[in-house]
Amino acid sequence: MSFLDTALQMVVLAIPILIGYVAHKLGLMGGEFDSKLSGLVVNVTLPCMILASITARELPSPSEVLTLLALSAVGYVIATVIAVVAPRIMGAPAGERGSYSFITAYGNVGLIGFPVLSAVLGPDAVLLAAIANIPWNIFVFSAGMLMISGMPEGGAGEVVRTCAKKLVSPVLIVSVAVLVLALLGINDLGILGDGLTTCGNFTTPAALLISGSSLANYPLREMVSNWRSYVAVALRLVGVPVVLLLVLRGFVTDQYLLSLVVLGQAMPVATNGILYCLMYGVDAKPMTQGTFLSIIGSILTIPLVAMLVAM
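Heads up: the sequence shown runs through residues 1 to 311, numbered per full-length UniProt numbering.
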């Protein structure tokens, strides 16, 4: 897909975001409604979309699956290393370093990433994205959580227990289920697959409307006044994907897998970051600023990264 095609596709996705913003301002979205709708998408319709994806394409071979998992894991290792170093180079205050690290390292693969990858790479991408998302779950609920919370009083044992409780989620469960089905060569769910597809089709419009509504919560002047947020967001949307592309393109021959992994790293900041800040009593303002800027910026940067991958 060319830069223009991808850019136009992102404009198509931006329209529901704008509609969600307007709906919030009109009092039709926001608050508890957005919270419940987000819960419905993350816990019900997105898992349906992922599970239904098993029927969307010719199943990947076991070697392709293992390669994808390895590439995704490498990507998050690279992102985490960059994220740990970047806030210190920026001279960020100690209390804000965790937020900038999280902004740099972890994108919103679920709520935004799956719809975007499906739109840019086609619906077949959802199956592979679900498999690639397994390392994301492991990293964001371990390293990502520790970036915000710091080391708990109970030490390493408490870290393992806390991360294990947060790790298990409907998205992870169905992602593992899709992985198992793919390895077993099962790609026909019959009428169940049709029903899951119908439910899963609700995910993309709902996720984009929620994104637009969430933007309306932020005072514009406060969201654009922190230069460190711009740096962290630039690393999230362009820096990490480009570094990953440079590392992988020398030995990854499958262009589709390369595009999937690199574009997956180009998503806006994961919403988990704000939740972690609230959970652990950390100032959420830098995280909120980064989330806001990344959603707006990704409309331009995702086509740019797609063009770089295709070159």
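Ideal Cβ positions, reconstructed from N, Cα and C, are used throughout, including at glycine. The model shown is predicted, which means the values in this text are computed figures rather than measured ones.
| Item | Value |
| --- | --- |
| DSSP state of residue 31 mapped onto helix, strand, coil | helix |
| Residue 232, enclosing alpha helix (DSSP H) - first and last residue | 227-234 |
| Supposed contact pair residue 134 and residue 181 - C-beta distance, whole angstroms, cut 8 Å | About 14 Å; that fails the 8 Å criterion. |
| Whether residue 262 touches residue 244 by CB criterion (7 Å) | yes |
| Counted within 10 angstroms of its Cβ, other Cβ atoms place residue 93 as buried (16 or more) or exposed | exposed |
| Integer Cβ distance of residue 173 from residue 99, believed to fall under 8 Å | Rounded, the Cβ-Cβ distance is 29 Å, inconsistent with contact. |
| Span of the alpha helix (DSSP H), counted from its first residue to its last, around residue 96 | 94-105 |
| Length of the line joining the Cα atoms of residue 304 and residue 41 | 28 Å |
| Counted within 10 angstroms of its Cβ, other Cβ atoms place residue 310 as buried (16 or more) or exposed | exposed |
| Where residue 168 sits in the DSSP three-state scheme | coil |
| Residue 269 in three-state terms, based on DSSP | strand |
| Exposure label - residue 280; buried when at least 16 CB within 10 Å | exposed |
| Exposure of residue 11, with buried meaning 16 or more beta-carbon neighbours within 10 Å | exposed |
| Cβ shell of residue 6 (< 6 Å), same chain only, five flanking positions each side left out | 120, 303, 306 |
| Residue 102, buried or exposed, once every other Cβ within 10 Å from all chains shown has been counted against 16 | buried |
| Residue 60 versus residue 255: straight-line alpha-carbon distance, rounded | 14 Å |
| Separation of residue 47 from residue 141, as counted between CA atoms | 18 Å |
| Whole-number beta carbon distance between residue 236 and residue 294, since they are thought to touch under 8 Å | 6 Å |
| Nearest residue (CA-CA) to residue 108, options 211, 217, 20 | 211 |
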